[in-house]
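Accompanying notes for the structure given below.
There are 2 protein chains.
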Amino acid sequence: MSSDQQIPTLDDVAKVAGVSTATVSRCLNTSEMVSEKSRVKVMQAVELLGYTPNFGARAMAAKRTFTIGAIIPTMENAIFARGLQAFQEALHEKGYTLLVSSTAYRPDVEAEQIKSLIARGADGLLLIGYARDQAIYDYLDRRRIPTLLAWSFHAENAQPAIGFDNRASMHALATTVLDMGHRDVAVISGIVAGNDRAEGRLQGIKDGFVTHGLDPEQIPVIETPYEIENGANAFEQLMQNPKRPTVVMCGNDVLAVGAMQRAHEMGLRVPEDVSVTGFDDIELARIVTPQLTTVHVPHREMGRRAADALIKMVEKEGTGASIQLQSSLRLRGSLRALT
Amino acid sequence: MSSDQQIPTLDDVAKVAGVSTATVSRCLNTSEMVSEKSRVKVMQAVELLGYTPNFGARAMAAKRTFTIGAIIPTMENAIFARGLQAFQEALHEKGYTLLVSSTAYRPDVEAEQIKSLIARGADGLLLIGYARDQAIYDYLDRRRIPTLLAWSFHAENAQPAIGFDNRASMHALATTVLDMGHRDVAVISGIVAGNDRAEGRLQGIKDGFVTHGLDPEQIPVIETPYEIENGANAFEQLMQNPKRPTVVMCGNDVLAVGAMQRAHEMGLRVPEDVSVTGFDDIELARIVTPQLTTVHVPHREMGRRAADALIKMVEKEGTGASIQLQSSLRLRGSLRALT
DNA sequence: TTGTATGCGTTATCAT
DNA sequence: ATGATAACGCATACAA
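For the protein sequence lines, the chains are H and Y, in the order given. According to our numbering, numbering within the first sequence proceeds without interruption in unit steps and concludes at 1598. According to our numbering, numbering within the second sequence proceeds without interruption in unit steps and concludes at 1598.
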């Protein structure tokens, strides 16, 4: 019983199978170019030794990894979870592996993660939104790394993207809210700087005011990171306002749930005393009581189609068209019309 | 303007800096062994070229990657999110990168992921729970991959692990429930096969019955995967029972929230008509109305200490002690005493 | 402190 | 169909 077992390599397999390393390699990659006889011998040797190809070596030699990298702002809440899940499933079906990392909404971390994923040999990248330094786009361009942006869509931008129009979506919701008679609207927004989704959503609300001939400058807005607790605190602060809002529109569902929670703690009833709206339609939106009025985003479709689009970009160069998806309103119990 | 930019390598940096590749390499790794002068030249060249070391090549040459792999059953719900987040933060502080993949609770997928992470050069592995084929442990042993198990702890098992006693924790909760006068207890459990946490939790409830001199065999139990919708369906099914339960104990918070949701839809009040309990104390537990009675698990502490322990195992061989953590009850509105 | 040379485990080219 | 062998990009032992 030697205790000095080594990790088996292609060489080991070749020796055991009695063929050359080239044959073993072919057997594992392009098995149709190998005789039945050799294939059997090789497979037996692979099985016997428990051989697994060294990824780094393979990447270096083949200059392909069948790995796609995705960088999202956060894994902590469920905003990106469903879409990413669909993305990964679709990639897996086509033989690709997904590597995910998160940035905590920090641009410098994102830049670092991009380099790291490229160093790891990612064949393509999925990033969230448009807003980032031009230097990053240049870097990706120089290295010819196919990159697809997701969760956002602007026709005027050149980068290939798949997503929806955050601004127009929120505009639609704001219009509904105003049509219901609300005038005292307060907003809990995500941090707008460096986040075109958050910015678009906030703008969408202002658009609604303009459409209704109201002054968007008078809307009380609190910007805060996407966390339940932050939504709660922002809500409490907004309710101190002498002109108490009749509705609090939130930049996403997480903030909205925080707002509802604090309302409950403050003894305020939703929607009788104050209405609340969200954005994203994550699972949470239907768990809270009352259920949350929000903007539904086709996360799974987005993830699935992002995978298809990105693989196409990786496999045939020159491709890379943008895809616009449609969002839709989900009117639920947390929003009521003013009588 | 040549459009044929290449990815810069160590060689390129060396040429631009006017030194050898060895000096560049040293400068990037053990910079204290390089003269001030060379260092400056090298760093300028690195900056100029936008050089990033090729990960695969580095791994192959150094036989170290400073990468830790973690394989969890699912990313879809928040069960593992917080602990993993703490794990990754602690790793990052010590210069390690975390690679995560999930298995959808399928053992064959886990085996595949383990191989994949090792092929990618993971220096160490974090796995969830004990229950897996002995062949996998042998495989890890042969390859000398330091492996730490988490989310579970059994003193009698030899593998290094960090976690808590699922069975004893649930036993404590069951005792509380029975002390409150409940006798008609129904259970919604996770799938027990191949999941020692789910199994321990279910056993813990039975232990509570035994302790109280009751027959554990008469408990209605439904096993179902951890998803909200499944919890809801199981709840509905359990309530069909002629001897309607006064409390539904769930294997985790996700199932419990599903149960509460369906109760609401069925017009049943929690806890007046039926009590509900969970396990894990994820964020969700305090979002639902009423708040969920559950078992609190020190996720963040577990993640942080798992990182420390695993790094120690990677850096000094021969280490690898197990760590037991304590859970605690969180009694909230979803459970009430029977009058 | 620095440079030279070797090896890491694969794939791919080129013969055979 | 198969086998040598040359890359791939980096770290390191050894020499200087």
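Every residue, glycine too, gets a C-beta built ideally from N, C-alpha and C.
- Inter-residue Cα distance where the pair is G1309 (chain Y) and G1354 (chain Y): 21 Å
- Query: Does the beta carbon of S1562 (chain Y) come closer than 7 Å to any beta carbon on chain H?
  - Reply: Residue identity check: residue 1562 (chain Y) is Gly in the sequence provided, not Ser. Not closer than 7 Å to any Cβ of chain H, the Cβ of G1562 (chain Y) fails to qualify, so no.
- Residue ranges of each alpha helix (DSSP H) within the region 1341 to 1416 of chain H, 4 or longer: 1366 to 1378 and 1393 to 1401
- Item | Closest by C-alpha distance to A1304 (chain Y), when choosing among Y:K1274, Y:I1487 and Y:A1318 | Y:K1274
- The alpha helix (DSSP H) with E1574 (chain H) in it runs from where to where? H1558 to E1574
- Which residues in the same chain as A1515 (chain Y) place their Cβ atom closer than 6 Å to its Cβ, once the five residues preceding and following it in sequence are excluded? C1509, V1535, G1537 and L1551
- Message: I'd like the list of long-range same chain contacts for L1376 (chain H), defined as Cβ closer than 8 Å, with 5 residues on each side in sequence excluded.
- Response: G1328, I1330, L1358, S1360 and L1384
- Message: Check whether chain Y comes within 7 Å of T1311 (chain H), counting only Cβ atoms and requiring the distance to be less than that.
- Response: yes
- Task: State the beta-bridge partners of C1509 (chain Y) as determined by DSSP.
- Result: Y:I1447
- Message: Please state the DSSP three-state secondary structure of T1324 (chain H).
- Response: coil
- Query: Out of curiosity, what's the CA-to-CA distance linking D1532 (chain H) and T1505 (chain H)?
  - Reply: 7 Å
- Is the Cβ of T1548 (chain H) closer than 7 Å to any Cβ of chain Y? yes
- Message: Check this for me: beta carbons of K1296 (chain H) and A1276 (chain H), under 7 Å apart or not?
- Response: no
- chain H partners of I1395 (chain Y), CB-CB under 9 Å? Chain H residues near I1395 (chain Y): none, gap ~11 Å exceeds 9 Å.
- Message: Rounded to whole angstroms, what is the Cα-Cα separation between R1528 (chain Y) and M1519 (chain Y)?
- Response: 9 Å
- Task: Taking only beta carbons into account, state which residues of the region 1363 to 1389 of chain H come closer than 9 Å to chain Y, listed in chain order.
- Result: K1374, S1375, I1377, A1378, R1379 and G1380
- For I1487 (chain Y), return the contacting residues in chain H, with the cut-off set at a CB-CB distance below 8 Å. E1542 and I1546
- Query: How big is the Cα-Cα spacing for Q1499 (chain H) and V1547 (chain H)?
  - Reply: 24 Å
- Message: Determine, for S1261 (chain H), whether the minimum Cβ-Cβ distance to residues of chain Y falls below 7 Å.
- Response: Low per-residue confidence applies at S1261 (chain H): pLDDT is 38, beneath 50, and the placement is therefore not dependable, though the value from the model is reported in the following sentence. No, no contact with chain Y.
- Message: According to DSSP, simplified to helix, strand and coil, what is A1433 (chain H)?
- Response: helix
- Message: Here's the rule: buried if 16 or more other CB atoms are within 10 angstroms of the residue's CB, otherwise exposed. What is H1351 (chain H)?
- Response: exposed
- Do the CB positions of A1318 (chain Y) and T1324 (chain Y) come within less than 7 Å of each other? yes
- Inter-residue spacing [alpha-carbon to alpha-carbon] between N1595 (chain H) and M1439 (chain H): Checking the displayed sequence, the identity of residue 1595 (chain H) turns out to be Arg instead of Asn. Going by the C-alpha atoms only, they are around 7 Å apart.
- Using Cβ-Cβ distances below 7 Å, what residues of the region 1306 to 1334 of chain Y are close to chain H? G1309, T1311, P1312, N1313, F1314, G1315, A1316, A1318, M1319 and M1334
- Task: State yes or no: is the beta carbon of R1402 (chain Y) nearer than 7 Å to at least one beta carbon in chain H?
- Result: yes
- Task: Taking only runs that begin and end inside the region 1479 to 1536 of chain Y, name each unbroken alpha helix (DSSP H) of 4 or more residues, in chain order.
- Result: 1487 to 1499 and 1512 to 1524
- Item | Identity of the residue in Y:A1409, Y:D1400 and Y:L1269 nearest R1564 (chain Y) by Cα | Y:A1409
- Message: Between which residues of its own chain and G1459 (chain Y) is the CB-CB distance below 6 Å, once the five residues before and five after are set aside?
- Response: N1425 and R1426
- Could you work out which residues of chain H lie near Y1398 (chain Y), taking near to mean beta carbons separated by less than 8 Å? G1309
- Query: Contact between the region 1406 to 1421 of chain Y and the region 1363 to 1371 of chain Y: three or more CB pairs below 8 Å?
  - Reply: no
- Item | Per-residue burial, G1463 (chain H) [other beta carbons within 10 Å of its own, 16 or more giving buried] | buried
- Query: Out of curiosity, what's the CA-to-CA distance linking I1338 (chain Y) and N1511 (chain Y)?
  - Reply: 9 Å
- Below-7 Å beta-carbon distance, I1338 (chain Y) vs any chain H residue: no
- With a Cβ-Cβ cutoff of 7 Å, do I1603 (chain H) and V1446 (chain H) count as a contact? Because residue 1603 (chain H) is not part of the residues shown, which for chain H are 1260 to 1598, the question remains open.
- Would you say I1266 (chain H) reaches chain Y, if we count a Cβ-Cβ gap shorter than 7 Å as a contact? yes
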